[in-house]
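*Asks:* Could you have a look at this structure, given as structure tokens, before my questions?
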Amino acid sequence: MAETLSLPGFVNAHSHAFQRALRGRTEGDDFWGWRDAMLELAESLTVEQVRVGYEQVYREMLNAGYTAVGEFHYLGAAEAHAAVEAASEAGIELVLLLAAYGRGGIDRFRQGSPAEYLEQLEELRAAGVRVGLAPHSVRACPRDWLEELGRYAAAESLPLHVHACEQPREIEECLAEHGKRPIELLADTGCLGPQTTVVHATHANGAELDLLRDSGSTICACPTTEADLGDGFIPAIRVLHRGIPLCIGSDSNVRIDPLEELRELEGIARRQDGRRGVFEADALWAIGGASGARALGLESWDEIEVDLDHRSLDGVAPEHLRAALVAGCGGDVVVSPT
Ligand SMILES: [Zn+2]
């Protein structure tokens, strides 16, 4: 019988499950080229494909050690229920972060008004689905949408997740339209606060990071996706110095491995700071678990079992286990629960 150890599970605070299908298919393109392929795929998906495909992706997440996921969903209302069903079938805790999309993208992403969006959200809540608000981005949501959603999230004490500062072009467009950078606009429209998670913040400047710190907002880093899409690096050291809470997400699901996300995060910090052990092992585990749960409004999430007989743990002393898992192991050290 293999020797195992129970540890806190990981929380995947940002996923678009359908994008898993794009891995390996769009090499050579930049972010915007990848986005075209993503939109084409999104347009083609049926409700049944969402149900079946998401279940498979959620099983992969469980097998790699994620026991809860925030699905940032923009494929439509019926598909939201299919995602919930898929998660329940797979056995992963899911929070449906329903995207609000006012403009751009493709038809199926968009609601006609903030009221129509909130109706969709309330319908999911009434069906017992754990939800969060997700104004997609400052690209997709005009100012009045952001204001209304920020108000609603605060009044209902619900998580609010939003993409911001992933790509320089998004910042240029926001400056041209509003005379402000994306995170400044989010602050202005009441979208920052302790229930808010800003996804990426890759190109956030010092003033924007100060706004995140002062409002108690969280940043969700998605290092494997940010690397894959050529987004850039999270300003890990500047985030750490300000004490801004961090969590992780598998985002495009090009990789499904929480240990790799954490290793990337620490690797970026080491490259930026020229020293080792920037985030301590326990801090990384909190980023991978508790912090993501808080970002999703979850009080509890399942534990995982780690296979102590796994070849990648040969010769590791018990006191170095957590650090060794992040430094030198993949998600396959987790005993598959399915
Ligand atoms: Zn995303």
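Taking the numbering used here as reference, the numbering of the sequence shown is continuous, increasing by one, and the terminal residue is 370.
Note that CB positions come from ideal geometry on N, CA and C, so glycine has one too.
No experiment lies behind these values; they were computed from the predicted model shown.
Cβ atoms of GLY164 and LEU278: under 9 Å apart, would you say?
*Replies:* As a position in the sequence shown, residue 278 is number 246, starting the count at 1. As a position in the sequence shown, residue 164 is number 132, starting the count at 1. No, the Cβ-Cβ distance between LEU278 and GLY164 is not below 9 Å.
*Asks:* Run the proximity test for CYS254: is its beta-carbon closer than 8 Å to any non-hydrogen atom belonging to ligand 1?
*Replies:* Numbered from its first residue, the sequence shown carries residue 254 at position 222. Within the cutoff, so yes.
*Asks:* Nearer than 8 Å: is that true of the beta carbon of PHE265 relative to any heavy atom of ligand 1?
*Replies:* By one-based count along the sequence shown, residue 265 stands at place 233. No.
*Asks:* Which residues bound the beta strand (DSSP E) around PRO40?
*Replies:* Taking the first residue of the sequence shown as 1, we reach residue 40 at position 8. Taken as a continuous stretch (DSSP letters only), the beta strand (DSSP E) holding PRO40 covers 36-40.
*Asks:* CYS206 and HIS46 look like a contact to me (Cβ under 8 Å); what is the Cβ gap, rounded to whole Å?
*Replies:* Along the sequence shown, one-based indexing puts residue 206 at 174. Along the sequence shown, one-based indexing puts residue 46 at 14. About 20 Å separates the two Cβ atoms, so there is no contact after all.
*Asks:* With respect to the alpha helix (DSSP H) encompassing ASP176, which residues constitute its N-terminal and C-terminal limits?
*Replies:* By 1-based counting over the sequence shown, the position of residue 176 is 144. Residues 175-188.
*Asks:* For SER24, which residues from the same chain have a beta carbon less than 6 Å from its beta carbon, with the 5 sequence-adjacent residues on both sides left out?
*Replies:* For the chain, the structure presents residues 33 to 370; residue 24 sits outside this window and is missing.
*Asks:* Tell me whether HIS105 counts as near ligand 1, meaning its Cβ is closer than 8 Å to at least one heavy atom of that ligand.
*Replies:* In the sequence shown, residue 105 corresponds to position 73, counting from 1. Flag unset: Cβ of HIS105 not near ligand 1.
*Asks:* Between which two residues does the beta strand (DSSP E) holding GLY164 run?
*Replies:* For the purposes of this step, residue 164 is taken as residue 132 along the sequence shown, with counting starting at 1. Note, GLY164: beta strand (DSSP E), 163-167.
*Asks:* When the distance is taken between beta carbons, is TYR90 closer than 9 Å to VAL101?
*Replies:* Counted from its first residue, the sequence shown places residue 101 at position 69. Counted from its first residue, the sequence shown places residue 90 at position 58. A contact, by the Cβ cut-off of 9 Å.
*Asks:* Do the stretch 240-257 and the stretch 200-220 meet, that is, are 3 or more Cβ pairs less than 8 Å apart?
*Replies:* The stretch 240-257 vs the stretch 200-220: in contact.
*Asks:* Would you be able to state if there are at least three C-beta pairs under 8 Å between the stretch 316-326 and the stretch 291-307?
*Replies:* With a cut-off of 8 Å, the stretch 316-326 and the stretch 291-307 count as touching, because enough Cβ pairs lie within range.
*Asks:* Exposed or buried, which one is GLN88 when buried takes at least 16 other CB atoms within 10 Å?
*Replies:* Position 56 of the sequence shown, counted from the first residue, corresponds to residue 88. So GLN88 ends up on the exposed side.
*Asks:* With respect to the alpha helix (DSSP H) encompassing PHE63, which residues constitute its N-terminal and C-terminal limits?
*Replies:* Along the sequence shown, one-based indexing puts residue 63 at 31. It spans 63-76 - the alpha helix (DSSP H) in which PHE63 sits, taken as one unbroken run.
*Asks:* What would DSSP say about ILE215, mapped onto helix, strand or coil?
*Replies:* Locating residue 215 in the sequence shown gives position 183, where the first residue counts as 1. In this structure, ILE215 counts as helix in the three-state DSSP scheme.
*Asks:* Given a threshold of 16 other Cβ atoms within 10 Å of its Cβ, counted over all protein chains shown, does ASP62 qualify as buried or as exposed?
*Replies:* Here residue 62 is taken as the residue at index 30 of the sequence shown, counted from 1. Result: exposed.
*Asks:* Under the criterion of a Cβ to heavy atom distance below 8 Å, does HIS195 qualify as lining ligand 1?
*Replies:* In the sequence shown, the residue the question calls residue 195 occupies position 163. Flag set: Cβ of HIS195 near ligand 1.
*Asks:* Pick out the complete alpha helix (DSSP H) segments inside the stretch 321-370, 4 residues or longer, and give them in chain order.
*Replies:* Counting only runs of 4 or more, we get 322-328, 353-360.
*Asks:* Can you find a heavy atom of ligand 1 that lies under 8 Å from the Cβ of GLY281?
*Replies:* For the purposes of this step, residue 281 is taken as the residue at position 249 of the sequence shown. Yes - ligand 1 has a heavy atom lying nearer than 8 Å to the Cβ of GLY281.
*Asks:* Are the beta-carbon atoms belonging to ALA185 and GLU103 less than 9 Å from one another?
*Replies:* Looking up residue 185 in the sequence shown gives position 153. Looking up residue 103 in the sequence shown gives position 71. Their beta carbons are not under 9 Å apart, which means ALA185 does not touch GLU103 by this criterion.
*Asks:* Quick check on the burial criterion: 16 or more other C-beta atoms within 10 angstroms. Buried or exposed for THR99?
*Replies:* Locating residue 99 in the sequence shown gives position 67, counting from the first residue. With 16 or more other Cβ atoms within 10 Å, it is buried.
*Asks:* Who are GLU103's beta bridge partners in DSSP?
*Replies:* By 1-based counting over the sequence shown, the position of residue 103 is 71. Looking at the DSSP assignment, GLU103 forms a beta bridge with SER47, LEU128.
*Asks:* Cα separation between HIS273 and GLN81?
*Replies:* Taking the sequence shown and counting its residues from 1, one reaches residue 273 at position 241. Taking the sequence shown and counting its residues from 1, one reaches residue 81 at position 49. When rounded, the distance between both Cα atoms is 44 Å.
*Asks:* For ARG303, is the classification buried or exposed, using 16 other Cβ atoms within 10 angstroms of its Cβ as the cut-off for buried?
*Replies:* Mapped onto the sequence shown, residue 303 falls at position 271. Counting Cβ neighbours within 10 Å, ARG303 comes out exposed, since fewer than 16 surround it.
*Asks:* Using 9 Å as the threshold, is the C-beta distance between THR228 and LEU192 below it?
*Replies:* Position 196 of the sequence shown, counted from the first residue, corresponds to residue 228. Position 160 of the sequence shown, counted from the first residue, corresponds to residue 192. Closer than 9 Å, so yes.
*Asks:* Quick one: what's got a C-beta closer than 6 Å to GLY182's C-beta in the same chain, skipping five residues either side?
*Replies:* The count along the sequence shown starts at 1 and reaches residue 182 at position 150. Around GLY182: THR221, GLY222, CYS223.
*Asks:* Could you tell me whether the stretch 140-150 touches the stretch 114-124, using the rule of 3 or more Cβ pairs below 8 Å?
*Replies:* Touching, no, given that fewer than three Cβ pairs across the two stretches are closer than 8 Å.
*Asks:* I'd like the span of the alpha helix (DSSP H) that includes CYS206, first residue to last.
*Replies:* Locating residue 206 in the sequence shown gives position 174, where the first residue counts as 1. Segment 200-210, the alpha helix (DSSP H) holding CYS206.
*Asks:* Following a CB-centred definition, is VAL231 positioned closer than 8 Å to any heavy atom of ligand 1?
*Replies:* To locate residue 231, count along the sequence shown from 1; it is residue 199. Checking every heavy atom of ligand 1 against the Cβ of VAL231, one is found closer than 8 Å.
*Asks:* Mind listing, in chain order, the continuous alpha helix (DSSP H) runs of no fewer than 4 residues lying wholly within the stretch 222-276?
*Replies:* With a minimum length of 4 residues, the continuous alpha helix (DSSP H) runs that stay inside the stretch 222-276 are 238-247, 255-260, 268-274.
*Asks:* Taking Cβ to Cβ, would you say GLY134 is nearer than 9 Å to CYS173?
*Replies:* Indexing the sequence shown from 1 puts residue 134 at position 102. Indexing the sequence shown from 1 puts residue 173 at position 141. In this structure, CYS173 lies closer than 9 Å to GLY134 by Cβ.
*Asks:* Relative to the alpha-carbon of TYR86, which residue among MET70, ALA112, ALA96, ALA69 has its alpha-carbon at the smallest distance?
*Replies:* Your numbering for residue 86 matches position 54 in the sequence shown. When only C-alpha atoms are compared, the closest one is ALA112.
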